[in-house]
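Going by my numbering, the final residue of the sequence shown carries number 246, and the count climbs one at a time with no gaps.
Just so it is clear, CB atoms sit at the ideal spot from N, CA and C, and this is done for glycine as well.
To start, the structure itself, in structure tokens.
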Amino acid sequence: MKITPPVPVSVDKMTIDVSEIEGLLQAPPMNLPAWQDASFLLGDGRTMFIRSMTDQDVPMLLDFMKLVMQEEKDFYDIVGARVYAEILGVKRKRLKDPFTLLGLIDGEFVGFANGRFMNKEIALSLHTMAFSRRGKVGWAMYYAKTYYALEVCKANQWWSTFESYNGWRMAGLAMAQPTLPWPEYQHELGGAKIYYVNQDSWNASLKGWLPNYIGNDMDFNPTDEVRKANEVMRMPDKLEL
Ligand SMILES: CC(C)(COP(=O)(O)OP(=O)(O)OC[C@H]1O[C@@H](n2cnc3c(N)ncnc32)[C@H](O)[C@@H]1OP(=O)(O)O)[C@@H](O)C(=O)NCCC(=O)NCCS
């Protein structure tokens, strides 16, 4: 919109350094603590290594998500499309305080989980994905990011929503998560209901959810053997859903 200035001005055009615009578009980071590498023994005997996503991982993950978003089965398409945007959002710095965990078995990428902090009190769960099925990979990944938000970062509340039956079964039902009133409160993923865990429900029972269901807990001292086996990440050869 152009309006005639109400006073005489020294210059009638200003140039703007785009780095100043960037300063406005990027949110100042909260400096979240680092995720400590973990290993997790799945019920089927395989060991999954859970680590943070790095900048180097981004191109291959984006390429892989292009395949995932073409698969309609079990809602992999909508979740894949959103995860693509979220990974790109990390790269382009258009996500406020994100955290992204990857699950690897013998170097193969099998699990994904991410979230972000709205503020110091509230952390949002974004997405969980399993690419090796029937092993409860997704359950371990969802637990890992919940643990990070509530146990490591000490958020007061952890807000999730579910876009698929398997997602709802995994964390809505199995964690017996209550919901906030809807439509007054809406999750940023499409305005769906917000399911939540808070420090009370976490400490009272849900901290033990993964060990209770699977019988094992995360080990934050992965062996050298596990680290070595997962030093180089590769994408699955094909999408077997
Ligand atoms: C939701 C998700 C993370 C759950 O993780 P998970 O339990 O490790 O995932 P799986 O898909 O391997 O298994 C879930 C269920 O799907 C069914 N299933 C999966 N593969 C199957 C197959 N080949 N044959 C029959 N049933 C199958 C089973 O009921 C299985 O439960 P079970 O392992 O207790 O038998 C995972 O299903 C997923 O990535 N889905 C697509 C993305 C998504 O919906 N994410 C959540 C967004 S809210």
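Per DSSP, the beta-bridge partners of residue 162 are 127 and 203.
Under the three-state reduction of DSSP, residue 175 is assigned to helix.
Annotated three-state conformation of residue 227 is coil, per DSSP. Residue 150 and residue 104 do touch by the CB rule: their CB atoms are close to 7 Å apart, below 8 Å.
The region 217-227 and the region 42-49 touch, with no fewer than 3 CB-CB distances between them shorter than 8 Å. One residue after another in chain order, those with a Cβ under 6 Å from a heavy atom of ligand 1 are 79, 80, 81, 84, 132, 133, 134, 135, 138, 139, 141, 142, 143, 144, 167, 168, 169, 171, 172 and 175. The count of Cβ pairs closer than 8 Å, one atom from the region 160-175 and one from the region 123-142, reaches three, so the stretches are in contact. Between the alpha carbons of residue 37 and residue 16 lies a distance of about 43 Å. Pairwise C-beta distances place the region 222-237 in contact with the region 97-114, as three or more of them are shorter than 8 Å. Per DSSP, residue 216 is one residue of the alpha helix (DSSP H) stretching across 214-219.
Residue range 113-122 is occupied by the beta strand (DSSP E) that includes residue 116. In this structure, DSSP gives residue 97 a state outside helix and strand, which the three-state scheme calls coil. According to the DSSP assignment, residue 104 belongs to the beta strand (DSSP E) that extends over 103-110. Taking 8 Å as the cut-off, the Cβ atoms of residue 177 and residue 200 count as close. The beta-carbon separation of residue 94 and residue 116, rounded to 20 Å, does not stay under the 8 Å limit for a contact.
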